[in-house]
Structure formats: C-alpha cells, structure tokens
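Notes to accompany the following structure.
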Amino acid sequence: MIPRNAALKLALVFAAAGALAPASSHLARPSSALRSTATATAPTTTATTTRTARILEHLEAEGDGAGAGASGTLRGIEGLDRAWAQLRRPAGGPAPAPFVTEGDVGAVAPEFDVVVLGGTLGVFAAAAFQKRGLKVCVVERGPLVGRNQEWNLSLDEVYDLVKAGALEPGDVDGAVGSPGRYEVLAGGAGDLVASHFGSVRAGFNDREVGPTGSGGALQEVWLPSVLNVGVRPDVAVARARKNLEARGGVVRERTACEGVTVGAGCAVVALAGGETIAARLVVDAMGNASPVARQARREANDGADPKPSGICCVVGTLMRGFDADNSFGDLIYTNEDARVGGPDRQYFWEAFPAMSVGADARTTYLFTYMDADELREHTVMDQFEDYWDMLPAYQRHNAKCLAGGGRGDAVERALDAGDLKLERCLFGLFPTFKDSPLPSRWDRVLAVGDASGVQSPLSFGGFGALTRHLGRVTDAVAEAVDAGALAKGDLAAVNGYAPNIAATWMFQRSFVHPVGSGRPAAFVNRLMRQNYENMEALGDDVLRPFNQDVVQPRALLQVLGLATLRDPLNILPLCYWIGPSELIEWLGHFGMMLLYDGAHHVLGKRVRAYSQRLPDQRQGFALRRLADAWEYGSGMDY
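Numbering (our numbering), first residue to last: 112 to 749.
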C-alpha cells in the first residue's frame with residue numbers, strides 16, 4: 112500500500128538526485144531516499160527531446176531549497192537513473208573513509224547531552240528531547256527550513272508531535288475541524304494544517320471503457336480519516352525550531368558534519384571548518400542516505416554497500432487546474448493490471464488536494480515496487496513517460512481538460528493551453544532493507560527515523576514513521592542519558608526487532624513483479640481487491656490501522672481467515688507466486704507478532720512497573736525497551 116508519504120505516502124525533504132544512497136509515505140511524506148524535485152526551469156540539454164523534457168519547460172520558479180532541483184530537473188532525472196543503474200550493477204571500488212570512528216577524544220567535556228545530525232526531520236526529535244530537559248544541538252548542512260507543499264498525515268499523527276513535545280498544543284491550527292464526506296477544509300496562509308478532506312479512497316482496476324466496450328470493474332473502498340490532513344512543512348519545521356530554541360536548544364544550520372569520533376566519555380562531532388562539538392549522545396536523523404547508516408550496513412556486509420531488498424520508484428507532479436472535483440484523496444489506486452513482457456511492473460497511484468497552493472491544486476504520484484535485480488531495465492525517465500500517458504485516464508473525473516481521458520499528449524496540450532499549470536515535479540527512489548531496524552554499531556550513536564531502518568517496506572518511512580515512533584524514542588533517549596545507558600548494547604534495544612514490520616515484507620514482495628516472471632498480470636489487483644473487500648467487511652478497527660501502516664496480528668488473522676473462506680481457490684496460486692521461502696519466513700514473523708501481542712497484554716505493565724524499582728536503572732532501561740518492543744512490534748501502540 113504505499114506510499115505513506117508515497118504510501119502510499121512524499122511531499123519531500125530532498126537530497127541531490129545524483130547522490131547514491133542505499134536508503135519512505137507513503138509518498139506524501141518526506142524521507143531521505145534517492146530522490147529529487149524541481150521547480151526550476153529545465154536546462155538546455157542535447158540528450159532529451161522527450162515529452163518529459165518538453166513538459167518540464169513549463170516549470171517557472173527558480174530553485175526550491177538546497178538539494179531540491181539544484182542540479183536542474185532533467186539533470187536530476189538523468190542523475191537518478193545513473194544512481195539506479197549503479198545500485199543494480201555496482202562497479203565496486205574503494206569504500207569511502209569511515210564517517211564514524213572510535214578513538215581517544217581526550218578530556219573533552221560534553222557541551223550538549225544530545226547532538227542531532229540532520230535538521231529537517233531531526234528538529235522534531237530535537238525539540239522533543241529538549242522538552243524532556245536535555246541540552247540539544249541540531250546540525251543541518253543546509254538552511255533549516257521546510258518546503259511549501261503539504262506532507263500528508265492523519266490528524267492523530269499530527270497530535271503525536273504534540274504528545275511527544277515537538278509541538279505545543281497551540282501550534283496545531285488551521286483546518287482541524289471535521290469535514291463532510293466530500294468537503295475540503297482549508298487553513299490560512301500561516302496555519303500548520305493547510306487542508307483537511309473528508310474522503311480518501313482505495314480503488315482497483317479502474318480502466319477506461321475502450322472502443323469495443325471492454326473495461327474494468329472498479330472496486331472502491333472509502334477509508335476512515337487516513338492521510339486526509341495536509342501539513343505545511345515550512346510551518347511545522349519553523350514551529351518545532353522555535354520551540355527548541357525557546358527551551359534553550361541550539362541550531363547550527365548551513366553547517367556540514369564531516370564525521371563523528373566516539374570516545375570513552377563523549378562523542379565528538381567534526382564540523383566543516385575545523386570546529387567540533389562534544390556530546391554525550393549523537394542522534395543520526397539524516398535518513399537512509401545518512402553516511403552513518405551507509406557505514407553501518409557496509410560493515411555488516413564485508414565492506415561493500417549491500418543491494419537494497421526493495422525499491423519504490425515514484426514520479427509525480429503538483430499541478431493546478433483540477434477544477435472538476437478536488438474534494439478527495441487517493442491512498443492507493445490502480446487503473447491497469449501489471450505490465451509484463453518488457454520492464455515488468457505494477458503501477459499504483461496516489462493523489463491529494465494541495466490547498467496550500469490553491470483550491471484547484473492537486474498532487475499526484477505514480478509509483479511501483481521493484482527489486483534491485485541487475486536485469487531490471489526500468490528507469491525513472493521511462494516511468495515519467497508512462498505517467499503522462501496514464502494521468503488523463505486516472506484524473507479524467509477531476510480536471511475538465513482531462514475529461515476525455517485516453518493516452519497520448521492530453522497533459523501536454525492542457526499545459527500548452529493553460530488549462531493545467533505545472534507547479535512542481537517530483538521523483539525519487541526509496542530503497543529499504545530486510546535487515547531492519549538497523550542495530551547500533553557504536554557506543555553513543557543512535558539512529559532515528561529512516562536512518563534507523565524503522566520503516567515499513569510498504570510506506571518507505573518518512574515523516575509518518577518519525578511521528579509514530581517519536582514518543583517512544585524521546586522516552587528512550589531521555590532515559591539513556593539519565594541512566595548512562597549509552598553503550599551500543601544499550602542503544603541497540605531502542606530500535607529492536609519489530610515482527611510486524613518484518614512481516615510486511617511478504618506484502619511488499621507480492622507487489623513486486625519479478626523480472627521474467629510468469630506471474631499473471633492481474634495477480635496484484637486480484638489480491639488487493641480481495642484484501643480491501645475483507646478489511647471493509649471487518650470494519651474500521653481493521654481497515655484504519657492497516658492503512659496507516661500498522662499491522663496487528665489479531666486483525667491480520669481475521670483478514671487471512673476471511674480471505675480463505677471467500678476465495679479458497681486463490682490460496683495455492685498466491686503461495687506459489689510468493690514462494691515457499693518467503694512464506695516460511697513470514698510465518699515466523701507472524702508467530703512472533705502473536706507472541707509479542709500476548710507479552711504486551713500479559714506482562715507489559717508489570718515489566719514497566721518492576722523496571723522502575725530496580726536499583727540499577729541501566730537494567731530498568733533495558734526492561735522498558737523490551738516492553739516497548741512488545742507494544743510497537745505487535746502494533747499495540749496504535
């Protein structure tokens with residue numbers, strides 16, 4: 112289901128597109144993957160006369176922040192495709208110098224309790240840490256600002272930021288009322304919540320009726336309060352920063368971090384220009400592209416960058432001109448079966464109103480799940496060409512100029528005529544790894560968010576993954592500093608094994624059309640239609656958590672049981688195409704989910720109470736992290 116920010120979920124925080132990062136959104140949420148965006152005029156290039164190149168000429172604004180479109184739209188796509196080719200077919204070469212080293216730092220006294228590396232999402236963690244009484248510094252290589260396009264969340268996830276301490280209750284303003292079924296509430300220009308729409312849809316097999324009258328039977332499920340709130344990143348980041356600094360925290364923006372040295376009494380962060388900062392704990396919030404995360408994975412893989420276990424490729428736009436119906440969002444949607452016989456892939460859509468730009472503005476994403484098979488020929492540029500082809504059929508009910516649907520040059524003609532206005536182009540590759548969460552490999556260094564690998568292979572992390580775990584991580588960091596539980600063994604318990612995240616790998620695997628597979632083209636759509644029908648029948652208590660990327664074992668057991676009763680003939684083909692090894696592995700994780708669920712309900716409160724009475728609070732810290740693992744690993748935090 113993606114993207115969470117790009118679900119199913121992207122409105123992005125960006126790194127330069129040409130950088131290779133072994134790294135969520137669903138898509139409407141930011142994450143530090145290989146990606147880029149552009150609002151700058153496309154540069155002149157001799158290599159491109161494609162429709163994508165022509166359409167990108169409609170972009171007018173100059174720049175959109177550090178990294179975002181900095182290399183130009185077309186150069187960004189081409190650079191991302193080069194990085195994608197290198198990821199599939201690594202050429203080898205010497206490993207980069209270690210970013211984290213262990214050594215003698217002398218008698219340096221820590222200036223801060225915590226230094227957070229990476230500010231665009233890290234500032235939320237930093238503000239929460241500071242409210243817990245820690246002295247915190249944020250280091251950000253660029254300006255610490257957010258984008259001016261929404262991140263999509265559910266309203267309860269926005270309030271998670273308040274509960275954790277990153278935001279104050281008064282910071283949540285704007286469109287926080289209760290919209291009707293087909294109503295969109297809009298916040299003011301400086302409000303946090305820019306949009307709040309009453310309807311979000313999942314739909315499968317919506318194919319246009321062809322000249323012979325053939326077409327697909329659309330199945331739609333309307334979802335309860337899932338990713339139906341658009342938060343302004345620029346406002347969110349500014350308010351978190353204000354809270355941090357008002358509480359005594361420090362921000363070092365436009366300051367690159369060049370490495371971390373871990374010593375016996377502190378960790379020393381080296382900054383550009385020769386300056387250093389000493390802290391008791393370094394928190395890595397730089398995302399999957401983090402050099403800390405890359406080094407950790409490389410050291411666990413005999414010194415070589417490992418191939419990601421899964422990739423989500425996303426392209427999309429923010430455009431104005433959706434004047435027919437812009438009253439709802441799509442969490443996950445298909446209008447064709449898998450494409451087979453060439454680059455094999457199943458495409459999914461996601462779309463949301465973008466009220467921060469205008470009442471007729473809409474963000475649409477086309478995404479697909481892939482593996483990093485060296486024979487896979489799919490490219491980001493090719494997916495953009497498919498995007499322009501498929502968008503008219505997908506959005507024919509939302510924009511009058513696309514009412515005719517069809518393929519071809521309808522979008523280009525609408526842009527040329529001024530019926531559509533292109534505001535921004537977005538594209539990215541979101542890698543993730545099975546060996547996640549990523550264990551701490553050094554004392555005094557802890558990863559959070561996407562850098563930690565605490566992300567679903569369905570949603571690929573981002574802002575939603577951060578908000579869900581922020582309260583848990585804030586408690587853990589405050590307790591670790593207070594108890595001196597800063598050894599790597601202590602910190603490894605913060606991001607422990609999560610069987611519900613591990614179990615989602617089978618779902619992600621079912622969305623990937625393997626290279627050269629004989630899997631039926633309708634396989635994914637049939638699976639999705641059946642699962643959503645079953646979840647809808649079981650009610651919101653099952654439907655809502657799953658679509659917020661929270662897998663709970665008892666709910667999942669109900670869905671599987673109903674699927675077996677309703678469509679028993681699909682069980683054997685499903686097992687065959689997913690494969691026995693994936694199924695056996697999944698059964699192990701599912702069993703652990705049930706065990707964690709039982710442990711949480713039977714022992715969780717007792718373990719937490721007992722841990723507070725222990726004289727050695729390092730032991731108490733470890734027991735509370737075990738209770739956290741039971742709670743979050745079974746989805747009972749929801």
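Ideal Cβ placement from N, Cα and C applies to all residues, glycine included. Because the structure is a prediction, the values reported are computed rather than measured.
Measuring CB to CB, does residue i end up less than 8 Å from residue j?
i, j, result
"G230", "E364", "yes"
"D448", "A633", "yes"
"P656", "N606", "no"
"G69", "G360", "With the chain running from 112 to 749 in the structure shown, residue 69 is simply not present."
"P464", "G440", "yes"
"T804", "Y458", "Missing from the structure shown is residue 804; the chain here goes from 112 to 749 and no further."
"V670", "V653", "yes"
"T366", "V250", "yes"
"A483", "K418", "yes"
"V592", "L245", "yes"
"V216", "V588", "no"
"R456", "M481", "yes"
"Y721", "L737", "no"
"D637", "N681", "First, the residue type needs correcting, since residue 637 is Arg and not Asp in the sequence shown. Yes, the Cβ-Cβ distance between R637 and N681 is below 8 Å."
"V340", "V304", "yes"
"E496", "T161", "yes"
"K242", "R391", "no"
"L296", "C536", "no"
"L477", "Q494", "yes"
Would you report the Cα separation of residue i and residue j, rounded to the nearest angstrom?
i, j, result
"L569", "C686", "20 Å"
"C248", "R292", "44 Å"
"I422", "K716", "38 Å"
"E386", "A558", "23 Å"
"F732", "A596", "7 Å"
"A740", "D546", "16 Å"
"K274", "C368", "30 Å"
"Y608", "Q619", "18 Å"
"M747", "D708", "7 Å"
"Q730", "Y743", "20 Å"
"H580", "R165", "42 Å"
"S745", "I612", "9 Å"
"E189", "S567", "28 Å"
"A151", "L170", "For A151, the pLDDT reaches just 37, beneath the cut-off of 50, and the residue's location in the model is therefore unreliable, although a value from the coordinates is still provided. Straight-line Cα distance between these residues: approximately 6 Å."
"P335", "F308", "11 Å"
"D267", "L338", "10 Å"
"L278", "V342", "13 Å"
"L698", "G564", "22 Å"
List the DSSP bridge partners of residue i.
i, result
"F478", "V425 and F459"
"P542", "I422"
"F223", "A390"
"D441", "R312 and A462"
"N263", "G341"
"T161", "DSSP output for T161 lists no bridge partner at all."
"G285", "V304"
"A297", "S306"
"E213", "V373"
"D660", "D660 is not bridged to any residue."
Tell me whether residue i sits in a helix, a strand or coil according to DSSP, three-state version.
i, result
"G230", "coil"
"L329", "coil"
"V380", "strand"
"A472", "strand"
"L557", "strand"
"G385", "coil"
"V588", "helix"
"D727", "coil"
"V250", "strand"
"V605", "coil"
"R735", "helix"
"R450", "strand"
"V362", "strand"
"D748", "coil"
"D416", "coil"
"F495", "helix"
"D651", "helix"
"L334", "strand"
"D520", "coil"
"D527", "helix"
Tell me whether residue i, by its Cβ, gets closer than 7 Å to a heavy atom of the ligand GTP.
i, result
"T366", "As far as ligands go, the structure on display features none, and thus does not contain the ligand GTP."
Practice problem: Take every Cβ of the region 270-286, pair it with every Cβ of the region 427-437, and state whether three or more of those distances are shorter than 8 Å. | Solution: no
Quiz item: Touching or not, the region 339-354 and the region 261-275, by the rule of three or more beta carbon pairs under 8 Å?
Solution: yes
Practice problem: Check whether the region 500-518 touches the region 196-210, counting contact only when three or more Cβ pairs, one atom from each stretch, lie closer than 8 Å. | Solution: no
Quiz item: Are at least three pairs of beta-carbons, each pair with one atom in the region 407-416 and one in the region 520-529, less than 8 Å apart?
Solution: no
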